[in-house]
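The block underneath contains the structure these notes are about, expressed in structure tokens.
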Amino acid sequence: MILDANALFLPFQFGINIDVELARLLGEYRYVVPASVADEVGRLRQDRVPFSREASTLLEHLSPEVVPGTGRADEDVVTAALAMEGYVFSLDGDVRRRALAAGVPVIRMRSKRYLVLEMPQRRAGGSR
């Protein structure tokens with residue numbers, strides 16, 4: 138499960154328990170965060186963006202595996218998911234579209250109440 142920064146804001150903005158929802162969707166999972174995403178959360182906290190302190194604390198609490206990347210969070214989320222054959226958890230429409238186009242399943246919020254799993258479309262010829 139590759140977390141985008143905005144996924145860490147969900148519990149505080151919408152009251153969604155991401156642990157419960159992810160367990161419902163996936164069963165077992167582990168959190169992975171590109172270093173660029175962890176850096177982004179830190180910058181948002183320094184800029185005092187609403188809920189960023191809480192998101193930063195949640196990130197520390199989750200103790201995700203931190204993986205290196207290019208320094209561009211959106212790109213790193215999709216690249217890490219491809220490398221690990223994982224899922225992307227993001228609210229960012231562009232990140233979700235890029236992940237799905239690359240064959241990566243995406244977890245997103247629906248109706249501001251729960252999470253859904255969106256699978257990529259299979260391309261002609263049976264490849265992802």
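Its first residue numbered 138, the sequence shown is counted upward by one per residue in this note's numbering.
Beta carbons are placed, not taken as given, at the ideal position from N, Cα and C, and that holds for glycine.
Closest Cα partner of residue i within the set the options
{"i": "A218", "options": "R209, L181, P242", "result": "P242"}
{"i": "G208", "options": "L181, D176, R190, Y224", "result": "D176"}
{"i": "V170", "options": "R161, V253, P187, V215", "result": "V215"}
{"i": "L237", "options": "P187, L196, L254, R247", "result": "L254"}
{"i": "V210", "options": "D229, H198, E197, L199", "result": "Before going on, a small fix: residue 210 reads as Ala here, not Val. That would be D229, whose Cα lies nearest to the Cα of A210."}
{"i": "R252", "options": "I153, F146, L145", "result": "Reading off the sequence shown, one finds Leu at residue 252, where the question assumed Arg. It is I153."}
{"i": "E212", "options": "A172, L162, Y166", "result": "A172"}
{"i": "L162", "options": "R234, I244, P201", "result": "I244"}
{"i": "M256", "options": "R250, K249, S248, E222", "result": "E222"}
{"i": "A192", "options": "G164, L147, P201", "result": "L147"}
Residue interval of the beta strand (DSSP E) (run including residue i)
{"i": "V174", "result": "Premise fails: V174 lies in the alpha helix (DSSP H), 172-183, not in any beta strand (DSSP E)."}
{"i": "M138", "result": "That residue, M138, is in no beta strand (DSSP E); it is neither H nor E in DSSP."}
{"i": "V253", "result": "251-255"}
{"i": "V214", "result": "It is not in any beta strand (DSSP E) - V214 instead sits in the alpha helix (DSSP H) that spans 210-221."}
{"i": "V241", "result": "Taken as a continuous stretch (DSSP letters only), V241 belongs to no beta strand (DSSP E), as it is neither H nor E."}
Boundaries (first-last residue) of the alpha helix (DSSP H) holding residue i
{"i": "R161", "result": "155-163"}
{"i": "V186", "result": "From DSSP, V186 is part of no alpha helix (DSSP H); its letter is neither H nor E."}
{"i": "R234", "result": "230-238"}
{"i": "F149", "result": "147-150"}
Buried/exposed call for residue i, threshold 16 Cβ in 10 Å
{"i": "P205", "result": "exposed"}
{"i": "V225", "result": "buried"}
{"i": "N143", "result": "buried"}
{"i": "A261", "result": "Low confidence applies here, because A261 scores a pLDDT of 46, under 50, leaving its location unreliable; read the following figure in that light. When all chains shown are included, A261 counts as exposed."}
{"i": "M138", "result": "buried"}
{"i": "S227", "result": "buried"}
{"i": "R233", "result": "buried"}
Cβ-Cβ separation, residue j to residue i (assumed contact under 8 Å), whole Å
{"i": "Y168", "j": "L195", "result": "With 8 Å as the limit, Y168 and L195 do not qualify as a contact, their Cβ atoms being about 10 Å apart."}
{"i": "F151", "j": "M246", "result": "7 Å"}
{"i": "V178", "j": "L145", "result": "6 Å"}
Within-8 Å CB hit, residue i to chain E
{"i": "V232", "result": "Protein chain content of the structure displayed is limited to a single chain, and chain E is not contained in it."}
Are three or more beta carbon pairs between the region 180-193 and the region 152-168 nearer than 8 Å? no
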